[in-house]
Amino acid sequence: MNFDDTPQEAAYRAKAHAWLASHCRKRDANEVAPNPLGEREDEGVIDRAKRWQATKFDEGWACLTWPKEYGGQALGRMESVIWGQEEGKFDTPPNIYAIGHGMLGPTLMAHGTDAQKKKYLRDMARGQVVWCQLFSEPDAGSDLAGLRTSATRKGDEWVLNGQKIWSTGAHYSDWGMIVTRTDPDAPKHAGLTYFILDMHSPGIEVRPIRQINGATGFNEVFFTDVRVPDSNRLGGVGDGWRVALTTLMNERVAIGGGAGSGRFRDLLKLARESRRNGRPAIEDAAVRQRLADFYIRSKGLQFTGYRTLSALSRGATPGPEGSIGKAVGAPLGQEMASFALELQGVMGGVVDESASPHEGVWQDMYLGAPGLRIAGGTDEILKNIIAERVLRLPPEVRVDKDRPFRDIPSGSVAK
Amino acid sequence: MNLEFSEDQKFVQHTARDFLAKNAGLDVCRKVLESPQATYDAALWKGVAEMGWLGAVVPESLGGAGLGYLELVLIAEEVGRALAPIPFSSSVYLATEALLLAGSAEQKKRWLPRLAAGEAIGCFALAEGAGDLEPTALATRFAGGRLTGEKLPVIDGEAAGVAVVVAQGERGTALALVDLSAPGVTRSGVESFDASRSLARISFRDAPAEALGAPGEGAALVDKLLDRAAVMMGFEQIGGAERAFDETREFALGRYAFGRPIASFQVIKHRLADLYAKIEIARSNGYYAAWALSSGSDELPLAAAGFRAAASDAFEAASQDMIQIHGGVGFTWEYDCHLFYRRAKWLSAALGTPTAWREKLIQRIEKRGAA
């Protein structure tokens, strides 16, 4: 056992660090880490993100695990992890490519035709066009296969009608990937088809959704007679569920919980700065017990990640333990943020950056935390996945599985 | 990055698991639990000694197997999985470890071969009644080669032939090595919450004893010893937690209610998923602690404290869920659930409570000035 890089890994890390150091500012080790869910929507941020991605692409640091012909570097997952660790130490624009590069690119590589891969992947990697995912609907969230947005074939085209929701970044995206229902007479998983969609097509209306934290990261997207050429179909007609699963398998890897060890360090700092019973809060026994528990769970997640990396480092498939990451991390992030506000006492209610301890970052985190427990698989869905795929417990009883989709009862469609 | 056990280490673990599956079914644990006289299972102890586990990390020149701590923690995990009713933790993690850490060449030569062979059982006596395990302000006195005082509870104190006793010495806290057959030593059993593991009260009255380690370094030595033992016992707890989990999962798959296996109900699935996550989080802390123990890292105090608290909590949670998911039968003497329920809480108390270890963890984080 050891925590050391192999000589090759160390060399790659040094190279990555040196390149980053010559292109951006390194964050001070004592700087309170920004909330990863911070505001993203203003145009300046998108432009900065695009410039940063173009620089990375042009100098060989983008989409590291992708094949070279698609703009990647044909490197292993280990190099990609090392790059991520190093980039995290620097002050860089927010990553608006997590969905495109992490989920949609791999889906296109797995299911696309040669022509599709050639046409889209390289541009996706360079990032001057942004991609979004159009999956969830008002009546199909955890039960994604219950989606209703329809696609009807008209000659060489498909005509889309319906509504998607929770589409992150749809308001600044140029392309999307969408799952639609093409056969309502088939059982629900069998009647779906997957498309690549030009977000600038006529008939698409994007309405940003204002979240509880005031940010507008995602959207409702409405489709009225939107035309998609059949050449933009990804996978076979009726094969959409299988294609969508490729996307979803890559999703949970991309969403963390904001409960890393840096976050613990900041919480410890806050406990030193806060007062309780006339003394620093860190001296309070109850505070110390909570902090210890947070440390243990944060470290447990970190080392669980290291176990996964160990397998990757020797070229093996990681064990099932990695599946607990988001199920543990997302609620933990919320608990830590909640506790941080408690440490601040009456100031817990203050978000004014000029007055709030740590410039309101904990309040932001607390408001953003419920989203992380829902996005990309709710806590409950993740526990089903752990129970069924890791622990091999019986699947849920499904009363809708083998019936034609149009006969499945549903509640009224929400607005 | 390599936070995994090697194939050779896993082989040691599988050998241990096979041996215990054959020789330490839960009936062996139950036999000791139900016998008013037995303090441990002698046949199993002999078998474990023959497997070389008692001297796993003792050098070969002193009768040991010369293995490393990464092998020993995996053996401990299996001992925990079997709920083995033997004085393994007292003799191996504490007495043998204390001698390895601080014994003179002569002390090592006198005791380690016998401990490794299982001919002598060692125990560790620190507690003096209720409260946290603190190596300071002790009433037991060690001076001029004589020991006087009373220790309660002493795990495996009746079965042991030699004790490592923590006492107030002439220069602060001191460790004393005592042959328990010496004059001035009286002991009696005290009823144990988990009667498959025994407890005793030991009184010393001018009992002959020899110093273990240098004068003035006792408190630091005890801290170090407890940290090391915490890692090993933590793995024992992980083994117990996983066994409780596995037995519960099997039961839930076979038990039908409302026309379905109860394992198909989401409330049971989520409970098991939560428990699985809790055990994995503890296990990952354990890998870190095992690395720190085996590599001599100065991160050991931090890693051991976090792991010991996590492992205690995980085993306790597993043993509680085990009874709850079994339902009424889980509350009967006949079913084995209570063996886990007792062992989990008993181990949690044995080496300092999770609350105490969490406090130590924060002290150590503060001391290091970083997280």
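Protein sequences appear in the order of chains A and B. Note that the first sequence covers residues 1088 to 1502 in my numbering. Note that the second sequence covers residues 349 to 719 in my numbering. Built from N, CA and C at the ideal position, the CB exists for glycine as well. Quantities reported herein were computed from a predicted structural model and do not represent experimental measurements.
**Residue nearest to Q385/B in terms of C-alpha spacing, selected from L410/B, G537/B, K456/B and G493/B** = Nearest of L410/B, G537/B, K456/B and G493/B to Q385/B, Cα basis: G537/B.
**Message:** So for C377/B, helix, strand or coil by DSSP?
**Reply:** Three-state DSSP puts C377/B in a helix.
**Item:** Uninterrupted alpha helix (DSSP H) stretches inside the stretch 351-411 of chain B (no shorter than 4 residues)
**Value:** Qualifying alpha helix (DSSP H) stretches, in chain order: 355-371, 374-382 and 390-398.
**Prompt:** According to DSSP, is S645/B helix, strand or coil?
**Reply:** In the displayed model, S645/B falls within coil according to three-state DSSP, outside both helix and strand.
**CA nearest to the CA of W1170/A, picked from G1147/A, M1190/A and Y1157/A** = Of the candidates G1147/A, M1190/A and Y1157/A, the one whose C-alpha sits nearest the C-alpha of W1170/A is G1147/A.
**Request:** Compile a chain-ordered list of the residues in the stretch 1411-1426 of chain A whose CB is closer than 9 Å to at least one CB of chain B.
**Result:** So the close ones are I1411, A1414 and V1415.
**Message:** With three or more beta-carbon pairs closer than 8 Å as the criterion, would you say the stretch 560-572 of chain B touches the stretch 510-517 of chain B?
**Reply:** Cβ pair count under 8 Å is three or more, so yes.
**Item:** Neighbour flag for A1456/A against chain B, beta carbons, 9 Å
**Value:** At a cut-off of 9 Å, the C-beta of A1456/A has no neighbouring C-beta in chain B.
**Item:** Neighbour flag for F353/B against chain A, beta carbons, 9 Å
**Value:** Yes, its Cβ sits closer than 9 Å to a Cβ of chain A.
**Asked** Below 8 Å, can you find three or more Cβ-Cβ pairs linking the stretch 1433-1446 of chain A to the stretch 1411-1424 of chain A?
**Response** Counting Cβ pairs under 8 Å, fewer than three are found: no touch.
**Message:** Using only the alpha-carbon positions, how far apart do R1476/A and K457/B sit?
**Reply:** Near 53 Å, if we compare the C-alpha coordinates of K457/B and R1476/A.
**A522/B beta carbon near the ligand FAD (any heavy atom closer than 8 Å)** = Annotation note on the ligand FAD: not contained in the displayed structure, which lists no ligands.
**Request:** State the Cα-Cα distance for the pair D1483/A and R608/B, rounded to the nearest angstrom.
**Result:** The sequence given here has Glu at residue 1483/A, not Asp. Their Cα atoms are separated by approximately 11 Å.
**Prompt:** Would a check of beta-carbon distances place E628/B closer than 9 Å to chain A?
**Reply:** It does; some Cβ of chain A falls within 9 Å.
**Asked** Once you ignore the five residues that flank L442/B on each side, which residues in its own chain have a CB closer than 6 Å to its CB?
**Response** Correct list, in chain order: F472 and A577.
**Request:** Determine the direct distance from the alpha carbon of E628/B to that of T680/B, and round the result to whole angstroms.
**Result:** Rounded to the nearest angstrom, the two C-alpha atoms are 29 Å apart.
**Request:** Show which residues of chain B have a CB atom less than 8 Å away from the CB atom of I1473/A.
**Result:** Neighbours of I1473/A across chain B, judged by C-beta separation under 8 Å: A621, Y624 and A625.
**Within 9 Å, strictly: CB atoms of I1296/A and L1284/A** = No.
**Prompt:** Of all the options W1218/A, G1290/A, D1487/A and Y1207/A, which has the alpha carbon lying nearest to the alpha carbon of M1257/A?
**Reply:** Per the sequence shown, residue 1257/A should be read as Ala rather than Met. Looking at the Cα atoms, W1218/A is the closest of the given residues.
**Request:** Name, in chain order, the residues that DSSP records as bridge partners for Q516/B.
**Result:** DSSP, once it has assigned bridges, lists R489/B and T521/B as partnering Q516/B.
**Asked** Three-state secondary structure (DSSP) at C1150/A?
**Response** Residue state for C1150/A is assigned as coil, using DSSP reduced to three classes.
**Minimum Cβ-Cβ distance from W639/B to chain A less than 9 Å** = Cβ-Cβ to chain A under 9 Å: yes for W639/B.
**Message:** Can you tell me which residues form a DSSP beta bridge with S1254/A?
**Reply:** For S1254/A, which the question treats as bridged, DSSP gives the partners N1306/A.
**Item:** Cβ-based neighbour list, D1466/A, same chain, cut-off 7 Å, excluding 5 preceding and 5 following
**Value:** Residues A1414, A1417, P1418 and R1460 of the same chain have their beta carbon placed closer than 7 Å to that of D1466/A, with the five preceding and five following residues left out of the count.
**Request:** Tell whether a beta-carbon distance below 9 Å holds between L320/B and D542/B.
**Result:** As displayed, chain B neither begins before 349 nor continues past 719, which places residue 320/B out of reach and without an answer.
**Asked** A658/B touches chain A at which residues, Cβ-Cβ below 7 Å?
**Response** Correct list: I1383 and G1387.
**Asked** CB-CB under 8 Å to R591/B, same chain, minus the five flanking residues each way: which ones, in chain order?
**Response** Around R591/B: G428, R429, A430, L431 and F688.
**Request:** Report yes if the C-beta distance between F655/B and L620/B is below 9 Å; otherwise report no.
**Result:** At least 9 Å separates the beta-carbon of F655/B from that of L620/B.
**Prompt:** Mind checking if N350/B is an interface residue toward chain A, Cβ cutoff 9 Å exclusive?
**Reply:** N350/B belongs to the set of residues whose beta carbon lies under 9 Å from a beta carbon in chain A.
**Request:** State the Cα-Cα distance for the pair G700/B and W1139/A, rounded to the nearest angstrom.
**Result:** Spanning the two alpha carbons is a distance of roughly 52 Å.
**Asked** What separation, rounded to the nearest whole angstrom, lies between the Cα atoms of V1374/A and L573/B?
**Response** Rounded to the nearest angstrom, the two C-alpha atoms are 28 Å apart.
**8 Å contact criterion, which L1221/A and Y1207/A should meet: CB distance rounded** = The Cβ separation is near 16 Å, so there is no contact.
**chain A residues whose Cβ lies nearer than 9 Å to that of K617/B** = Residues of chain A with a Cβ closer than 9 Å to the Cβ of K617/B are, in chain order, K1470, N1471, I1473, A1474, E1475, L1478, L1480, P1481 and E1483.
**Prompt:** Would you say F1309/A faces chain B, with C-beta separation under 9 Å as the test?
**Reply:** It does not; no Cβ of chain B falls within 9 Å.
**Prompt:** Just to confirm, are R553/B and G505/B a CB contact at a threshold of 9 Å?
**Reply:** With contacts defined by Cβ atoms closer than 9 Å, R553/B and G505/B do not form a contacting pair.
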